[in-house]
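Read the structure below first, then the notes.
There are 2 protein chains.
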Amino acid sequence: MKRPASWQAIRTEALRRIHTGLWSPGARIPDEAELAAEFSCARATVNRALRSLAEDGLLERRRKGGTRVPTTPVRKATFEIAIIRQDIEGRSQEYGYRLIDDRLAAPPAEVLAEFETSRDVVLRHVTALHFAEGRPFCLEDRWLNPQIVKMGEVEFGTLSANEWLVRNIAYSGGKIGFHALAADRDAAGKLECAEGAALFAIERTTRNPTATITFVRLTYAPGYRMEAKL
Amino acid sequence: MKRPASWQAIRTEALRRIHTGLWSPGARIPDEAELAAEFSCARATVNRALRSLAEDGLLERRRKGGTRVPTTPVRKATFEIAIIRQDIEGRSQEYGYRLIDDRLAAPPAEVLAEFETSRDVVLRHVTALHFAEGRPFCLEDRWLNPQIVKMGEVEFGTLSANEWLVRNIAYSGGKIGFHALAADRDAAGKLECAEGAALFAIERTTRNPTATITFVRLTYAPGYRMEAKL
DNA sequence: AAGTGGTCTAGACCACAAA
DNA sequence: TTGTGGTCTAGACCACTTG
Numbered sequence: 010m011k012r013p014a015s016w017q018a019i020r021t022e023a024l025r026r027i028h029t030g031l032w033s034p035g036a037r038i039p040d041e042a043e044l045a046a047e048f049s050c051a052r053a054t055v056n057r058a059l060r061s062l063a064e065d066g067l068l069e070r071r072r073k074g075g076t077r078v079p080t081t082p083v084r085k086a087t088f089e090i091a092i093i094r095q096d097i098e099g100r101s102q103e104y105g106y107r108l109i110d111d112r113l114a115a116p117p118a119e120v121l122a123e124f125e126t127s128r129d130v131v132l133r134h135v136t137a138l139h140f141a142e143g144r145p146f147c148l149e150d151r152w153l154n155p156q157i158v159k160m161g162e163v164e165f166g167t168l169s170a171n172e173w174l175v176r177n178i179a180y181s182g183g184k185i186g187f188h189a190l191a192a193d194r195d196a197a198g199k200l201e202c203a204e205g206a207a208l209f210a211i212e213r214t215t216r217n218p219t220a221t222i223t224f225v226r227l228t229y230a231p232g233y234r235m236e237a238k239l
Numbered sequence: 010m011k012r013p014a015s016w017q018a019i020r021t022e023a024l025r026r027i028h029t030g031l032w033s034p035g036a037r038i039p040d041e042a043e044l045a046a047e048f049s050c051a052r053a054t055v056n057r058a059l060r061s062l063a064e065d066g067l068l069e070r071r072r073k074g075g076t077r078v079p080t081t082p083v084r085k086a087t088f089e090i091a092i093i094r095q096d097i098e099g100r101s102q103e104y105g106y107r108l109i110d111d112r113l114a115a116p117p118a119e120v121l122a123e124f125e126t127s128r129d130v131v132l133r134h135v136t137a138l139h140f141a142e143g144r145p146f147c148l149e150d151r152w153l154n155p156q157i158v159k160m161g162e163v164e165f166g167t168l169s170a171n172e173w174l175v176r177n178i179a180y181s182g183g184k185i186g187f188h189a190l191a192a193d194r195d196a197a198g199k200l201e202c203a204e205g206a207a208l209f210a211i212e213r214t215t216r217n218p219t220a221t222i223t224f225v226r227l228t229y230a231p232g233y234r235m236e237a238k239l
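Which chain is which? The protein sequence lines are E and S, in order.
All residue numbers for the first sequence refer to my numbering, where the first residue is 10 and numbers rise by one.
All residue numbers for the second sequence refer to my numbering, where the first residue is 10 and numbers rise by one.
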């Protein structure tokens, strides 16, 4: 076998062997040196190909343990987290924004838990609406760490907190969750939908190495659909 | 600057420069050769670091055009697509499964569109329920390409189509979408929830290079939450 | 202790897109 | 045309983890 030249060709060939069962689930595949010899290429090239497959969840690699085909593959998909304005403009729709409220307040327990601070019982609470073609698109309900985004220094009357944060605050990590919820009276009023309507919601916590920066719940108007690549 | 040794250290340093604005949005950053000289390392090491950042959406790279900091970063997040049994067992809950129906039928237009075949107006339609701790967890409503998964050859009475497919069928790509929907009478009955309840649903189309393999809608019982890494 | 993947190097050539 | 990233090589050393 001398065909594959690039790491992508080797990736493709490896994929084929996984799919055809030539490399069966749970079994160890030849090590990098062997494959490099087989494909007449440098070990680094094989490494690049197998690492790529491992990142997609199609192989499991361990030092000394070798490379294996997972018995129950857990494939990974990626989705893009754009700012809401981009999301709307990407659909060739007109973006609109309106700040509803911005004040210091005591957060509910579930939010406070995300901030891990029993001290600062007062957070900056920002509520805003994003519009697409003049119609409510997404309700932004955000709690900010007031030590990082100070009242008075930064205003969200024109530029949404969503956009300001993406452009100005570095973050090192966090978590994101998706779920469905029924519109309560408040959300129904703001999103101009029926009370009880099924809404898609995203909750996101963003941290830097030191502290939690913000927790946000984005509730989308009925019909919203989030797409990702497989 | 001689500190960073590994590509991860260079990545971290690059991140710092992006965050501090030393590398400002829209501006070109030094090319790989310059950075390699600055960090006293091989260009390949710089390449590894910058490529990693580009994959996360924190840099944009183009041949000849150089590397830039995006003005509006589109960060990427990944989530894992496990089989439903794993999802439930991962929560330390007992998994259960029941096949509801499995027959050839004419799909609705929206499903047929995913198969791009105006010919085969008959697809294999499989309906099943997944349970966690004995309670309905997820409703699987699946349409299969009967030329790939033949009636009679493969049965889903014990092993779910979800699991069988992951283990047996290679796929090259597809798309996945998330949304919220209100439980209709049928779904409410099967998931044992109120009609009209807000449910989280995933729709997934899976293809191989030649044809569409399957289209599935997974509707989760109320309270389901999908998490991803940021 | 030893095997395997992880990473780094120094150099080279190539592919693409901007000038 | 030319500059920049993309990739490959051959060799080396290291880190982890398993036996």
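Beta carbons are placed, not taken as given, at the ideal position from N, Cα and C, and that holds for glycine.
- Residues of chain S with a Cβ closer than 7 Å to the Cβ of E:G205 are, in chain order, G205.
- Close to S:L208, with beta-carbon spacing below 9 Å, are these residues of chain E in chain order: A189 and A207.
- Below 8 Å, enough C-beta pairs join the region 97-115 of chain S and the region 135-149 of chain S to call them touching: three or more.
- In this structure, E:G66 and E:K85 form a Cβ contact; the two beta carbons are roughly 5 Å apart against a cut-off of 8 Å.
- At a cut-off of 9 Å between C-beta atoms, E:F88 counts as an interface residue with respect to chain S.
- S:A137 has S:L108 and S:E149 as its beta-bridge partners, per DSSP.
- In the structure shown, the three-state DSSP call for S:G99 is coil.
- For the 9 Å CB-CB criterion, E:A210 and S:A189 form a contact.
- Residue state for E:G183 is assigned as strand, using DSSP reduced to three classes.
- Here the region 162-176 of chain S makes no contact with the region 185-204 of chain S; the two share fewer than three CB pairs at distances below 8 Å.
- In the DSSP secondary-structure assignment, E:H188 is bridged to E:A210 and S:R234.
- By a beta-carbon distance limit of 8 Å, E:W16 does not contact E:V78. Their separation comes to about 19 Å.
- In the structure shown, the three-state DSSP call for E:T54 is helix.
- For E:L227, not one C-beta of chain S is nearer than 9 Å to its own C-beta.
- Put simply, the CB of S:E172 is near chain E, with a gap under 9 Å to one of its CB atoms.
- When Cβ pairs closer than 8 Å are counted between the two stretches, the region 130-140 of chain E is seen not to touch the region 49-59 of chain E, the count staying below three.
- A Cβ-Cβ separation of about 7 Å places S:E41 in contact with S:L59 under the 8 Å criterion.
- Considering only S:E204, S:A141 and S:K159, the residue with the shortest C-alpha distance to S:D111 is S:K159.
- Counting only residues of its own chain and dropping the five nearest sequence neighbours on each side, S:L44 has a CB closer than 7 Å to the CB of V55.
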